[in-house]
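Following: one structure in structure tokens, then a few remarks.
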Ligand code: ADP
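Numbering (this note's numbering), first residue to last: 147 to 596.
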């Protein structure tokens, strides 16, 4: 500022001198102010030119306010350069990291077209970037479920596929939405060939071993039965023979359940799609459960008889039977078992609730594991195979449903099977709305059913 005031003072002094030398006043001010204005115009135009051409402002800078302006812009440019360098470095690091990832990574724009892909995508998915830039993923990977998988937005479960270009591979495909309004997609494909094969080997082993054990066991059971019944058998041998018979029977149930599980594991989806009359099935199952309970439990049943369930009748029946029989086998005498089949806000819902002892919280996440039992000794004695809930979980998975387990110690447990709305179907029948099938061992239960 001082420099600028100095310049003005100099111009004024020059003007006064010129006046003293007799220069006419009309000439004096233009003569004095013209160089001053020309200096400003020069710096202004120079700055505009430098900025327009994106030149870097470097010293020496002019003196006075113009110097401050040049210096300020130079600092701003330097900060911008540093920020850009940082961004370039971090995006290079990200690219290098993405290139090193062994999983295939592909980003899709909001039109589901390929935006970018890492080198692993070339090997695993045969997607080469930039060659395939702008192409649709579904056009490059031919898989009937892929289009639906991308469009539904249901990305909780991965989709397992075998790519056309390499039939020996098994890939697990996951999708994550990202970006503005989550309209872009990140597709991650992982090579699960080894895991898949190991799982196949395990499944085959269990299925074959179970199959192989079945025949000798049938022979043993037959002989034991004959021996136990034979009049020549000494009385002292009868009890051990009966015990052996029971154990052989238990082994047969375990083998049957293992074979059922192996069959269920073969495919994630079931093709049998028939309307199942759940109410009718439940009537039979509850009758069996009453026999199993022998009057030790109270049953309450509330069933929407108009609600049918689309799926595999045999598998669904095993789900209902497993949960109801569990409630009988794993609860003490006097327990009330509440069985419901309704459409809960459109989702067909089957629940079995008991007011038994309940299950400690730490066991709940593991209940559906094979042979997992809360109380090993007691569960075995109750006659279970330890595979019931694993079967339930698999059947539900194959029907797009899920098993929800809630339990509180001292209060009881609730096992709920929730099916997708599309699985429910209303029977064309008007006289029945909400029907309570006869289930009745206590007056309380009668009240409930009325
Ligand atoms: P199991 O053949 O032993 O019944 P499941 O897989 O059906 O095998 O059940 C696993 C375990 O879950 C059971 O051993 C039992 O400890 C527990 N369980 C299942 N249902 C109930 C229930 N209604 N109340 C208490 N515990 C239960």
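Virtual Cβ for every residue (Gly too), placed ideally from N, Cα, C.
Close Cβ partners of residue 332 (< 6 Å) along its chain, the five nearest in sequence each way excluded: Non-local beta-carbon contacts of residue 332 in its own chain, meaning distances under 6 Å to residues more than five positions away in sequence, involve 253, 322 and 324 in chain order.
Does the stretch 527-536 come within contact of the stretch 470-480, defined as at least 3 CB pairs closer than 8 Å? The answer is yes - the stretch 470-480 touches the stretch 527-536, with three or more Cβ pairs under 8 Å.
Beta-carbon proximity of residue 599 to residue 251, cut-off 8 Å: A question about residue 599 goes unanswered here, because the residues of the chain that appear run from 147 up to 596.
Can you tell me which residues form a DSSP beta bridge with residue 330? Partner(s): 324.
Using DSSP's beta-bridge definition, name the partner residues of residue 551. Looking at the DSSP assignment, residue 551 forms a beta bridge with 561.
Using a threshold of 7 Å, is the CB atom of residue 513 nearer than that to any non-hydrogen atom of the ligand ADP? Yes; taking the cut-off as 7 Å, the Cβ of residue 513 has a heavy atom of the ligand ADP nearer than that.
Any contact between the stretch 393-413 and the stretch 350-368? By contact I mean 3 or more CB pairs, one from each, below 8 Å. Enough Cβ pairs lie closer than 8 Å, so yes.
For residue 585, which of helix, strand or coil comes out of DSSP? Any answer about residue 585 is weak, because its pLDDT of 38 lies below 50 and its placement is not dependable; what the coordinates show is given next. Residue 585: coil per DSSP, three-state reduction.
Compare the beta carbon distance of residue 558 and residue 504 with 8 Å and say whether it is the shorter of the two. Here residue 558 is near residue 504, since their CB atoms are less than 8 Å apart.
So the beta strand (DSSP E) residue 488 belongs to, where does it begin and stop? Run containing residue 488: 482-490, per the beta strand (DSSP E) assignment.
Counting along the chain, where does the alpha helix (DSSP H) carrying residue 366 start and finish? Residue range 339-375 is occupied by the alpha helix (DSSP H) that includes residue 366.
Nearest candidate by alpha-carbon position, reference residue 424, set 465, 171 and 408: Checked all of 465, 171 and 408; the closest Cα to residue 424 is 465.
Could you tell me whether the Cβ atoms of residue 416 and residue 458 are closer together than 8 Å? Closer than 8 Å, so yes.
By Cβ distance below 6 Å, which residues in the same chain neighbour residue 335 in space, the five residues on each side in sequence not counted? Same-chain partners within the cutoff: 250, 270, 271, 317 and 319.
Runs of alpha helix (DSSP H) lying entirely within the stretch 212-277, each at least 4 residues, in chain order: Entirely contained in the stretch 212-277, the alpha helix (DSSP H) runs reaching 4 residues are, in chain order, 265-271.
Is the Cβ-Cβ distance between residue 454 and residue 422 less than 8 Å? In contact: residue 454 and residue 422 (Cβ atoms closer than 8 Å).
Drop a sphere of 10 angstroms on the beta-carbon of residue 487, count the other beta-carbons inside from all chains shown, and report buried for 16 or more, exposed for fewer. Counting Cβ neighbours within 10 Å, residue 487 comes out buried, since at least 16 surround it.
Buried or exposed: where does residue 578 fall if 16 or more other Cβ atoms within 10 Å of its Cβ makes it buried? Residue confidence for residue 578 is low, a pLDDT of 46 falling below 50, so the modelled location carries little weight; the figure read from the coordinates is stated next. The residue in question, residue 578, is exposed, as its Cβ has fewer than 16 Cβ neighbours within 10 Å.
Going by C-alpha to C-alpha distance, which of 495, 231 and 413 sits closest to residue 306? Measuring from the Cα of residue 306, the nearest candidate turns out to be 413.
Between residue 397 and residue 366, what straight-line distance do the alpha-carbon atoms span, to the nearest angstrom? Taking the straight line from one Cα to the other gives about 11 Å.
For residue 457, the first and last residue of its enclosing beta strand (DSSP E): Boundaries of the beta strand (DSSP E) harbouring residue 457: 453-457, taken from the DSSP string.
Could you say which of 277, 349 and 545 lies nearest to residue 408 if we only look at CA atoms? The shortest Cα separation from residue 408 among 277, 349 and 545 belongs to 349.
Where residue 553 and residue 411 are concerned, what is the direct C-alpha to C-alpha distance, given to the nearest angstrom? Here the alpha carbon of residue 553 sits roughly 28 Å from the alpha carbon of residue 411.
8 Å Cβ cutoff met for residue 267 and residue 275: Against a cut-off of 8 Å, the Cβ pair of residue 275 and residue 267 comes out as a contact.
With hydrogens ignored, establish whether the beta-carbon of residue 273 is closer than 7 Å to any heavy atom of the ligand ADP. Incorrect: residue 273 has no Cβ contact closer than 7 Å to the ligand ADP.
Report the three-state DSSP secondary structure of residue 443 (helix, strand or coil). Of the three classes helix, strand and coil, the one that applies to residue 443 here is coil, per DSSP.
How many angstroms separate the CA atom of residue 221 from the CA atom of residue 259? Here the alpha carbons of residue 259 and residue 221 stand approximately 41 Å from one another.
Please return the same chain residues whose Cβ sits closer than 6 Å to the Cβ of residue 547, not counting the five positions on each side in sequence. Once the five neighbours on either side are set aside, the close Cβ partners of residue 547 are 563, 564 and 565.
Spatial neighbours of residue 418 within its chain, please: C-beta separation below 6 Å, excluding the five flanking residues on both sides. Cβ neighbours of residue 418 beyond the five flanking positions: 458.
I'd like the list of long-range same chain contacts for residue 509, defined as Cβ closer than 7 Å, with 5 residues on each side in sequence excluded. 520, listed in sequence order.
The beta strand (DSSP E) that contains residue 412, what's its start and end? Counting along the chain, residue 412 falls outside any beta strand (DSSP E), though it belongs to the alpha helix (DSSP H) covering 381-412.
Among 517, 436 and 518, which residue has its Cα nearest to the Cα of residue 485? Minimum Cα distance to residue 485 is reached at 436.
For residue 206, three-class secondary structure by DSSP: In the three-state reduction of the DSSP assignment, residue 206 falls in the coil class.
Shortest alpha-carbon distance to residue 281 belongs to which of 289, 294, 263 and 291? Considering only alpha carbons, the answer is 263.
In the structure shown, what three-state DSSP assignment does residue 512 receive? In the three-state DSSP reduction, residue 512 falls in the helix class (H, G or I).
Determine the burial state of residue 296: buried for a count of at least 16 other Cβ atoms within 10 Å of its Cβ, exposed for fewer. Looking at its Cβ environment, which holds 16 or more other Cβ atoms inside 10 Å, residue 296 is buried.
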